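Contents: one structure, followed by commentary.
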Amino acid sequence: MPSSSPVATPGVVIFGSARPMTCAVMDYAQRLAEAIDRQRPGFVTLRMIEPDRPAAFVGAIADVLREGQIAHFQLPIEGWGNALLPGSALMAARLMTRRGRIVTTLHEWASLNRLRYLSMVPDILATDGFIFVSRQQRESFLKTPLVGTARKAAATVIPIGPNIMPSRIDPRRVMQERDRVRGQGATQADLVIGYFGVLYASKRPDMLLRVIQALHRRGTKARLLVCGDFLWDKPQDRDAFLGLAAELGVIDWLDFRGRIDDQSELMETLSAADVFLLPFTDGISTRRSSFLAVSQLATPLVSTPPERADEFDLAPALHAKIDNAATVLCPVDAEPETFADAVLAAHAHRAEASAVDLAASWDDAALAHLSFYDRIAAG
Numbered sequence: 038m039p040s041s042s043p044v045a046t047p048g049v050v051i052f053g054s055a056r057p058m059t060c061a062v063m064d065y066a067q068r069l070a071e072a073i074d075r076q077r078p079g080f081v082t083l084r085m086i087e088p089d090r091p092a093a094f095v096g097a098i099a100d101v102l103r104e105g106q107i108a109h110f111q112l113p114i115e116g117w118g119n120a121l122l123p124g125s126a127l128m129a130a131r132l133m134t135r136r137g138r139i140v141t142t143l144h145e146w147a148s149l150n151r152l153r154y155l156s157m158v159p160d161i162l163a164t165d166g167f168i169f170v171s172r173q174q175r176e177s178f179l180k181t182p183l184v185g186t187a188r189k190a191a192a193t194v195i196p197i198g199p200n201i202m203p204s205r206i207d208p209r210r211v212m213q214e215r216d217r218v219r220g221q222g223a224t225q226a227d228l229v230i231g232y233f234g235v236l237y238a239s240k241r242p243d244m245l246l247r248v249i250q251a252l253h254r255r256g257t258k259a260r261l262l263v264c265g266d267f268l269w270d271k272p273q274d275r276d277a278f279l280g281l282a283a284e285l286g287v288i289d290w291l292d293f294r295g296r297i298d299d300q301s302e303l304m305e306t307l308s309a310a311d312v313f314l315l316p317f318t319d320g321i322s323t324r325r326s327s328f329l330a331v332s333q334l335a336t337p338l339v340s341t342p343p344e345r346a347d348e349f350d351l352a353p354a355l356h357a358k359i360d361n362a363a364t365v366l367c368p369v370d371a372e373p374e375t376f377a378d379a380v381l382a383a384h385a386h387r388a389e390a391s392a393v394d395l396a397a398s399w400d401d402a403a404l405a406h407l408s409f410y411d412r413i414a415a416g
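Every number in my numbering is 37 more than the matching position in the sequence shown, counting from 1.
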C-alpha cells in the first residue's frame with residue numbers, strides 16, 4: 038500500500054542521462070522511480086539531460102533546488118565517461134542557490150579509475166547525503182578526506198533490486214534457445230557458458246574467452262553466450278573482444294547477442310545457459326545488477342568472492358545463493374584454467390542450483406529511500 042496520499046508536486050527529482058546506452062545505472066534509476074511511485078505516488082520524477090547542453094544541465098538542477106526539492110544524482114553514469122561537466126554540475130547548481138538538498142548515489146567508489154574520481158570531486162563536495170548500493174563501496178568511501186565525518190557516518194547502504202525481472206518465461210522458447218545456442222554438427226556445444234551485463238574492464242571480457250579456450254583444451258566443447266554489450270562510446274572494445282576470440286581460436290564458439298531490451302526474451306535466452314560466469318575484479322556484491330538478474334534463475338554460477346564478509350548480510354536470499362553447492366567462487370587472480378575447473382564443478386551440482394525470489398527487493402529499496410529522503414529534508 039502507498040505510504041502516504043499523492044502529492045501535487047514531486048519532492049525528489051532523479052537526474053540521469055537522456056542518451057541511449059547500455060548503462061545499468063540508468064536502468065536502476067528507472068526501476069527505483071517506479072518503485073517509489075508505488076509507495077508515494079507523485080513524490081518522485083525522472084529528468085534525463087545531457088552534458089552537451091551545459092546551461093540547461095546546470096539550470097535544471099538549480100531549478101529543482103530553488104523549489105526546495107531534493108536533486109538526486111546517480112554516479113558514475115558510464116555514458117558520461119570522465120567528462121568534467123557531470124562531475125561539476127551539482128557544485129555549479131549549488132553555487133546558484135542555497136535552497137534544496139542534494140543526494141548522490143555512488144554506485145561505484147572503491148574501483149573508480151583516477152580520472153573519473155577526479156572528475157567527480159566537485160559533485161562530492163556539493164552533496165548533502167550519500168547512498169551506496171554495497172557495503173563494500175561505502176567502506177571504501179569512509180576513507181576519503183573529501184567529506185566530513187558526520188556526512189560519511191550518515192551515508193547509508195540500500196541494496197538494489199534486479200534491473201531485469203523474470204515476469205514470464207516460456208519453457209518452449211527456452212528449449213528453442215537451447216537448441217539454437219548449442220548448435221549442430223562439428224560445432225555443437227557440450228556446455229553453454231552464459232554471461233549477462235555491460236562489458237568493460239572490471240567484468241573481464243577477456244577472461245570469458247580464455248575460460249572457453251581452457252575448456253576446449255581439456256576436451257569440453259563450450260560455447261560462450263553473451264547477453265550484453267560494450268559501452269556505446271567505446272566500439273573499439275567490441276572489436277578488440279572479437280579479435281581476441283579469433284586469436285584464441287574460439288570465435289566459432291561465441292554467441293554474441295548484444296543488449297536484449299525485452300525482459301522475457303532476455304530471461305528466456307539466459308535460461309539456455311548451463312552455467313553463468315561473472316569474473317568480477319572487485320568480487321561479487323550487492324551492487325552488481327548482472328548478478329542479481331541471473332540469481333533469479335536456477336542455474337549454476339561461477340564468480341569471485343565478495344571483498345567484505347558481511348557484503349550480503351542485508352540480502353540473506355543472495356547469501357543463500359552464494360552458499361549453494363552449485364555456486365563456485367574463484368580468487369580474483371585465478372588463472373583461466375582455475376575458472377574452467379570451477380565451471381565444471383558448478384555444473385556437476387546443477388541439480389542443486391537454486392533461484393532467488395527478489396520480487397519484493399525494489400519495494401524494500403523504495404521504502405528505504407523514502408526514509409532517507411525524509412531525513413535529508415528534515416535537515
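Just so it is clear, CB atoms sit at the ideal spot from N, CA and C, and this is done for glycine as well.
Computed from a predicted structure; not experimentally measured.
Hey, how far is the Cα of residue i from the Cα of residue j?
i	j	result
Ser408	Pro78	15 Å
Phe80	Val218	45 Å
Ser48	Ser322	Before going further, note that residue 48 is Gly rather than Ser in the sequence given. Straight-line Cα distance between these residues: approximately 30 Å.
Ser239	Leu404	31 Å
Asp401	Gly198	9 Å
Glu305	Met202	11 Å
Asp243	Pro373	10 Å
Val158	Pro342	30 Å
Thr164	Ala130	11 Å
Ala223	Leu315	27 Å
His144	Leu122	18 Å
Asp417	Ala310	A query on residue 417 cannot be resolved here, the shown segment of the chain reaching from 38 to 416 and no further.
Thr82	Leu236	29 Å
Phe293	Val211	17 Å
Gln213	Ala190	51 Å
Asp299	Trp269	19 Å
Give the single residue among the options whose Cα lies nearest to the Cα of residue i.
i	options	result
Leu307	Trp290, Phe328, Arg255	Phe328
Arg209	Asn150, Arg84, Thr193, Ser301	Ser301
Asp435	Ala126, Pro368, Ala72, Arg68	The displayed coordinates of the chain run from 38 to 416. Any statement about residue 435 would go beyond what the structure contains.
Thr318	Leu245, Thr193, Ala192, Ser156	Leu245
His406	Ile168, Gln106, Leu132, Leu149	Ile168
Leu351	Leu152, Leu149, Ile195	Ile195
Ala330	Asp370, Val369, Ala66, Ala396	Ala396
Ala61	Ala70, Ile114, Phe94, Arg345	Ile114
Within the same chain, show all residues whose beta-carbon is closer than 6 Å to that of residue i, passing over the 5 residues directly before and after it, in chain order.
i	result
Ala377	Val248, Ala251, Leu252
Ala383	Val312, Pro337, Val339, Ala363, Val365
Ser398	Gly198
His386	Ala362, Ala363
Phe52	Arg84, Phe110
Asp274	Phe267
Leu183	Ile161
Counting only the same chain and skipping the five closest in sequence on each side, list residues whose C-beta sits under 8 Å from that of residue i.
i	result
Asp347	Arg172
Ala226	Val218, Arg219, Gly220, Lys258, Ala259, Arg260, Trp290
What are the boundary residues of the beta strand (DSSP E) that residue i is part of?
i	result
Ile107	107-112
Val50	49-54
Asp292	291-293
Ile139	138-143
What span of residues does the alpha helix (DSSP H) with residue i cover, start to end?
i	result
Ser177	172-178
Met85	No alpha helix (DSSP H) holds Met85; the beta strand (DSSP E) holding it covers 81-86.
Val95	91-103
Gly280	272-284
Phe328	326-332
Quick one: what's got a C-beta closer than 7 Å to residue i's C-beta in the same chain, skipping five residues either side?
i	result
Gly105	Arg136, Gly137
Ala282	Leu246, Ile288, Leu291
Ser42	Here Ser42 scores only 45 on pLDDT, less than 50, and its place in the model should not be relied on; the value that follows carries that caveat. Contacts found: none.
Is there at least one Cβ from chain E nearer than 7 Å to residue i's Cβ?
i	result
Ala357	The structure shown contains no chain E; it is built from a single protein chain.
Item to complete: Check whether the stretch 190-207 touches the stretch 331-348, counting contact only when three or more Cβ pairs, one atom from each stretch, lie closer than 8 Å.
Response: yes
| request: Would you be able to state if there are at least three C-beta pairs under 8 Å between the stretch 174-185 and the stretch 391-406? | output: Using a C-beta cut-off of 8 Å, the stretch 391-406 makes no contact with the stretch 174-185, since fewer than three inter-stretch Cβ pairs fall below that distance.
- Is the stretch 223-240 touching the stretch 257-267 in the sense that three or more CB pairs, one from each, lie closer than 8 Å? yes
Q. Do the stretch 62-76 and the stretch 89-101 make contact, defined as three or more Cβ pairs closer than 8 Å?
A. No, the stretch 62-76 does not touch the stretch 89-101.
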